[in-house]
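So the protein sequences, as listed, match chains Z and R. Under numbering that gives the first Met the number 0, the letters of the first sequence match residues 0 to 212, in that order. Under numbering that gives the first Met the number 0, the letters of the second sequence match residues 0 to 588, in that order. Note that beta-carbon positions come from the ideal geometry of N, C-alpha and C, so glycine has one too. Bear in mind that the values here come from a model prediction, so they are computed numbers and not experimental data.
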Amino acid sequence: MGWRGLISVNVLFLIPVPVFADAVIEGHVELPKTHAAPVMAKRYEIVTRGGVLSTQPPLAVVYLDGSFARPASPSTKQVAQKDLTFVPSLLPVQVGTRVEFPNLDDTYHSIFSYSPAKRFDLGRYRPEERPIPSEVFDRPGLVTLRCDIHEHMRGLILVLDTPYFIMTNAEGQFRLTGLPAGHFTLKAWVDSKTTREQSVELKNGNMLRVNFP
Amino acid sequence: MISTSSPNKRSVAGFRTKLLAAMMLVVSGLTALGLYFAQRNVVANTGRDLQQKFQAELSWLHKVQELRHAALAERCRALASKPRIHAALEDNALDLLYPTAKDELRDLMEGEEPTPAATANSLHARFYRFLDSNGAVLSPPNPRDVGELNSETERQLALNKLSEAQQIGYVRENLGPANEIIHEVVAVPIFSTETGDVISALVVGFKPFELGAKPESAGMKSGIWVNGQLHLPSLQKPAQDALAGQVRDAVTKGDRAQNNFIVSINGTPHLLFYKRLNPNSLFPTAYEICLYPLAGRIAQLHRLRWQIGGAGVLLFLGGLVASNFVAVRFSKPVEQLAVNSEKDRVQRKRAEAALASTSEKLKRSTRYSADASHQLKSPVTILRIGLETLLAREDFKPEVYEELSSLIHQTHRLAGVIDDLLLLSRMEAGHLEIASESVNLSQLINEWLDDLSGVPDSADMKIEKDFPMDLNVVGEKRYTSLIVQNLLENARKYNYPGGRIRVSARQNAAYVLLTIGNTGRRIPPDAEPHIFERFRRSGTVSGISGHGLGLNLARELARLHGGDIRLACSENDWTEFEVCFPIAQPAPD
C-alpha cells in the first residue's frame with residue numbers, strides 16, 4: 000500500500016474529530032546530526048548505538064500528550080517485511096490499533112517482540128499467509144520488532160495514548176493539525192532514550208509555533 | 000742386621016698408621032657425604048615426584064576447565080546472538096530467558112552424569128542459571144528444566160557484580176545429613192551485541208573434576224576447601240575435622256597460592272598439597288586439596304636408607320682394605336728407603352772411619368819415612384864428614400886411605416838409599432808434586448851418556464845411540480832425569496867389560512818410547528815378575544853395587560808422569576827396558 004495508503008487512512012481517521020478541534024502546531028525538531036549521506040530512496044532503518052534505538056536517517060515523532068478518548072473502532076495499520084527490512088521502520092500508532100505484518104519477501108519471516116509494551120510471537124509464516132498476521136497494541140510504549148530468522152531486522156512501533164501525533168520530515172519539520180483547545184504537553188520522541196517535551200496552550204483556530212531545540 | 004733399625008721401624012709404622020688414618024678419614028667422609036646426598040636426593044625426589052603428580056593432576060583439571068570454558072564461552076556468544084535471547088536480554092525480558100534458552104541449552108542437561116574419565120570430554124552440567132545485570136540470580140520458572148538447587152545453594156551463585164571475565168567458583172550443597180556435594184560453577188558473561196556491555200551471565204554447575212581418578216594415583220585423596228570448610232568425602236568425619244584446622248591455618252596464615260606440608264591422618268603420615276583453584280575470582284576462594292599417603296614412600300625411603308647405609312658400610316670396609324693395602328704399598332718404599340738410608344749411613348760411617356784410619360796410617364807412615372830419612376841422613380852426613388876429615392890427614396898408612404875412600408863411598412851409597420827412600424815415601428804419601436813442563440829428553444840422555452863415559456869401568460864399553468835430538472816429554476826434569484839415570488846406571492852395572500849399551504827412542508802420536516838395552520847376563524825368568532819390587536835384586540848378581548830401589552823408583556816416577564816402564568826382553572846376552580813418556584811440544588829455547 001505504501002505511504003499514500005497510510006496517509007489516506009490517517010485522513011479518514013481524522014474525520015470524526017470534533018469540529019472545534021482545529022488548533023495547529025507547526026515547528027521543528029532538532030534532529031541528531033548524522034554523518035551518513037542523504038538517503039535519496041527514503042529508506043529508513045532502525046539502528047542501535049550504545050543500546051539506543053533510533054531511525055537512520057533520524058526522524059522524530061511529535062505528539063500531544065494527554066487524556067483523550069479512545070476511538071470506538073480501532074484502526075488497522077501495516078508494517079510490512081520487504082527486502083528483509085521492516086517498512087516502515089518506525090510506526091507511531093494510537094493505543095488499540097491493530098497492526099498487520101504482511102510478508103512481502105519470498106522467504107519466511109518470524110516476527111516477535113519481547114518488549115514490555117507488547118510481547119507477541121507470530122511464528123514463522125510465508126508471504127501468502129492469510130489472514131495477514133496481526134497484533135493489537137493495547138499498551139503505550141515502544142515495541143521493538145524482531146525477526147527470529149533474520150536477526151539483523153529491527154522495527155519500532157511507538158504506541159501512543161493519543162490520536163494527535165505526526166512524524167517529522169527528514170529536516171525535522173512537522174505540522175499537527177486539528178488539535179483540541181486546552182493545556183497540553185507536546186512531546187517529541189527522538190530515540191528510545193530521548194523524548195523532549197514542552198507545555199502548550201492551544202486555542203481554537205490558533206496556530207502555535209513550537210520548536211524542539 | 001742394623002743396630003738402629005727398631006726406632007726406624009717405629010717411624011715407618013707411624014707413617015703407615017698416619018697414611019691409613021688419613022685414607023680412612025677420606026673414605027669415611029666420602030661415605031657419609033654419599034649417604035647424605037643420596038638421602039637428600041631421595042627425599043627431594045619423593046617430594047618432587049609427588050609435586051609433579053599433583054601438578055599433572057591439576058594441569059589435567061585445568062585442561063578440562065579450559066575446554067569447558069571455551070565451550071561455554073562459545074555457547075554464550077551463540078546464545079547472545081540468538082534473536083529471542085538477544086531480545087529477552089536487550090528488551091528487558093529476562094524472565095523469558097529460561098524458556099527461550101531451554102532449547103538452546105537442552106544438551107547441557109541431557110543424559111547422565113559422565114564417569115570421571117569422561118568428564119573432560121563432556122559438557123554435561125548439573126544445572127544452569129542466569130544472572131541479571133546486577134549479578135543476582137534470575138529464578139527459573141521451572142527449576143526442573145534447569146537443574147534443581149536448594150535456595151541456599153542458589154543464593155551462592157550470585158555475584159556482587161558482573162565481570163567481563165569468566166569466573167570459577169565452588170559451591171557446597173547440603174542434600175541432607177552427611178550428604179553434601181560440591182559443584183564447580185562457571186559464570187560466563189553474556190555481552191550485549193548492541194552496547195558491548197555485560198548484561199547477564201550464564202552460570203553453569205558441573206560435577207567437580209575428581210583428582211586421583213586415574214589408576215596411577217591409587218591411594219591419593221582429593222577434596223576441596225571452600226568457604227572455610229573442607230570437603231573431602233573419602234575421609235572419615237573426625238579425620239576431616241582434624242585436617243580442616245590445619246588446612247585453615249595454612250591457607251589463611253600462609254596466604255600462598257600453593258604449598259605442601261606433611262600431616263598425620265589416623266597416625267599415618269601424608270603429604271598434603273593445596274593449590275588455589277580460582278585465583279582472582281568473584282566467587283569465594285577455593286583450594287584443591289590433595290593427600291598422598293607417605294607410608295609406602297617412607298618404607299621405600301627406609302629401605303633405600305638401609306641400602307645406602309649397607310652400601311656405605313661396604314664402601315667403608317672396601318675403603319679400609321684398600322687404604323690399608325695402599326698404605327702398605329705406599330709405606331714399603333718409604334720403609335725400604337729408611338732401611339737403605341740407614342745402611343748407607345752406616346756404610347758411609349764405616350768408610351769414613353776406614354778412610355780416616357787409612358789417612359792417619361798414611362800420615363803416620365809418611366811421617367815415619369820422613370823422620371826415618373832425616374834421622375838416617377844426619378848420622379850418615381856426620382860420618383862422611385868425619386871420614387873425609389880423616390882422609391885429609393897425611394899420617395896414615397896408604398892402606399888406611401884406601402879403606403877410608405871405600406868407607407866414604409859407602410856413606411854416599413847410604414845417602415843415595417836414604418834419598419830414594421825419602422822420595423818413595425813422599426810419593427806414597429801423595430806429597431810428591433810433579434810439574435808439567437816440557438823436558439828435552441834427547442838432551443837429557445846425552446848428558447847422562449857423557450857422564451857414563453866418564454866412569455872408569457865403562458871406558459871400553461860401546462855405546463850406541465839411535466834417537467832424534469828433539470824429543471820432548473811432559474814432566475819434571477829432575478825426576479825424568481832420575482828415571483833415565485837409573486836405567487842407564489843399570490845398563491852399565493849389569494854389563495860386562497867391553498860390552499855394549501844401546502839407547503834408542505822414537506815417538507808416536509802420544510808417547511815417546513825410549514828403549515835402553517845392554518849386553519850382559521839375562522834376568523832369570525822366575526825373577527822377571529819381581530824385578531820392579533822394592534829391595535829386590537837378582538841373587539845371582541854379586542859384586543854389583545845397588546840397593547834394590549832403582550827400578551822400583553824409576554817405575555813409580557814414570558807412572559807418576561803418566562808413563563810406564565816395562566822389561567821389553569831379557570835374552571841370553573841382551574836385556575832391554577822400555578820407557579814411555581807423554582809427548583810434549585818442544586820447549587822454547
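Any C-beta of chain R under 8 Å from that of residue i
{"i": "Asp234/Z", "result": "Any question about residue 234/Z goes unanswered here, given that chain Z covers just 0 to 212."}
{"i": "Thr143/Z", "result": "yes"}
{"i": "Tyr113/Z", "result": "yes"}
{"i": "Glu99/Z", "result": "no"}
{"i": "Arg138/Z", "result": "no"}
{"i": "Arg118/Z", "result": "yes"}
{"i": "Gly4/Z", "result": "Because the pLDDT of Gly4/Z is 42, which lies under 50, any placement of that residue in the model is unreliable, and the question is left without a value."}
Which of helix, strand or coil DSSP assigns to residue i
{"i": "Asp64/Z", "result": "strand"}
{"i": "Glu532/R", "result": "coil"}
{"i": "Ile84/R", "result": "helix"}
{"i": "Val78/Z", "result": "coil"}
{"i": "Lys461/R", "result": "strand"}
{"i": "Glu436/R", "result": "strand"}
{"i": "Pro582/R", "result": "It is worth fixing the name first, because residue 582/R is Ile in this sequence and not Pro. Correct three-state label for Ile582/R: strand."}
{"i": "Ala238/R", "result": "helix"}
{"i": "Ile288/R", "result": "strand"}
{"i": "Lys192/Z", "result": "coil"}
{"i": "Lys202/Z", "result": "coil"}
{"i": "Met219/R", "result": "coil"}
{"i": "Gly4/Z", "result": "With a pLDDT of 42 at Gly4/Z, under the threshold of 50, the modelled position of this residue cannot be trusted, and the question is left open."}
{"i": "Phe208/R", "result": "coil"}
{"i": "Asp563/R", "result": "strand"}
{"i": "Gly498/R", "result": "coil"}
{"i": "Leu52/Z", "result": "strand"}
{"i": "His230/R", "result": "strand"}
{"i": "His61/R", "result": "helix"}
{"i": "Thr194/R", "result": "coil"}
{"i": "Glu570/R", "result": "coil"}
{"i": "Ile110/Z", "result": "strand"}
{"i": "Asn210/Z", "result": "strand"}
{"i": "Asp120/Z", "result": "strand"}
Interface residues of chain Z facing residue i [CB-CB closer than 7 Å]
{"i": "Ser280/R", "result": "What Ser280/R touches in chain Z: nothing, since even the nearest Cβ is about 28 Å away."}
{"i": "Leu95/R", "result": "Tyr113"}
{"i": "Asp90/R", "result": "Tyr113, Ser114, Thr143"}
Within chain Z, partners of residue i - CB distance below 9 Å
{"i": "Glu193/R", "result": "Thr47, Arg48, Gly49, Gly50, Val51, Leu52"}
{"i": "Ala200/R", "result": "None at all; the shortest Cβ gap to chain Z is about 18 Å."}
Short CB-CB distance (under 8 Å) between residue i and chain Z
{"i": "Ala77/R", "result": "no"}
{"i": "Arg83/R", "result": "yes"}
{"i": "Ala605/R", "result": "A question about residue 605/R goes unanswered here, because the residues of chain R that appear run from 0 up to 588."}
Chain Z residues whose Cβ lies nearer than 8 Å to that of residue i
{"i": "Phe80/R", "result": "The identity of residue 80/R in the sequence shown is Ser, whereas the question assumes Phe. Neighbours of Ser80/R on chain Z, chain order: Glu150."}
{"i": "Ile100/R", "result": "The sequence shown places Ala at residue 100/R, rather than the Ile named in the question. Correct list: empty, because the minimum Cβ distance to chain Z is about 13 Å."}
Neighbouring residues, chain R, relative to residue i (Cβ below 8 Å)
{"i": "Arg129/Z", "result": "Result: empty, since nearest Cβ-Cβ is about 25 Å, beyond 8 Å."}
Interface flag, residue i vs chain B, CB-CB below 8 Å
{"i": "Glu56/R", "result": "Going by chain labels, chain B is absent from the structure shown, which instead holds the protein chains Z and R."}
Spell out a yes or no on whether the region 20-38 of chain R and the region 298-311 of chain R are touching, meaning 3 or more CB-CB pairs, one atom from each, closer than 8 Å.
At 8 Å Cβ cutoff, the stretches touch.
*Run through the region 128-192 of chain R for me and flag every whole beta strand (DSSP E) of 3 or more residues, listed as ranges in chain order.*
Segments of the beta strand (DSSP E) lying fully in the region 128-192 of chain R: 166-173, 179-190.
For the region 371-450 of chain R, which segments carrying the beta strand (DSSP E) assignment without a break, of at least 3 residues, lie completely within its bounds, in sequence order? Fully enclosed beta strand (DSSP E) runs of 3 or longer: 436-439.
Self-check item: Cβ contact check for the region 35-54 of chain R and the region 153-168 of chain R: 3 or more pairs under 8 Å
Solution: By the C-beta criterion, the region 35-54 of chain R is judged not to be in contact with the region 153-168 of chain R, since fewer than 3 inter-stretch pairs fall below 8 Å.
* Can we say the region 40-59 of chain Z touches the region 18-29 of chain R, given the rule of at least three CB pairs closer than 8 Å? -> Because the criterion of three Cβ pairs below 8 Å is not met, the region 40-59 of chain Z and the region 18-29 of chain R do not touch.
Report the residue ranges of all beta strand (DSSP E) runs contained in full by the region 258-333 of chain R; include only those spanning at least 3 residues, in chain order. For the region 258-333 of chain R, whole beta strand (DSSP E) runs of length 3 or above, ordered along the chain, are 267-275, 285-292.
Is there contact here, the region 73-85 of chain R with the region 291-302 of chain R, by at least three beta-carbon pairs under 8 Å? Too few Cβ pairs lie closer than 8 Å, so no.
Touching or not, the region 192-208 of chain R and the region 86-96 of chain R, by the rule of three or more beta carbon pairs under 8 Å?
-> Contact between the region 192-208 of chain R and the region 86-96 of chain R is established, with three or more Cβ pairs separated by less than 8 Å.
message = When you compare the region 521-535 of chain R with the region 394-403 of chain R, are there three or more beta-carbon pairs, one atom per stretch, that lie closer than 8 Å?
response = No, they do not touch.
Report yes or no: do the region 133-147 of chain Z and the region 171-179 of chain Z share at least 3 C-beta pairs separated by less than 8 Å?
-> With the cut-off at 8 Å, the region 133-147 of chain Z and the region 171-179 of chain Z do not touch.
Original post:
Taking three-plus beta-carbon pairs below 8 Å as touching, is the region 484-502 of chain R in contact with the region 442-458 of chain R?
Top reply: Touching, yes.
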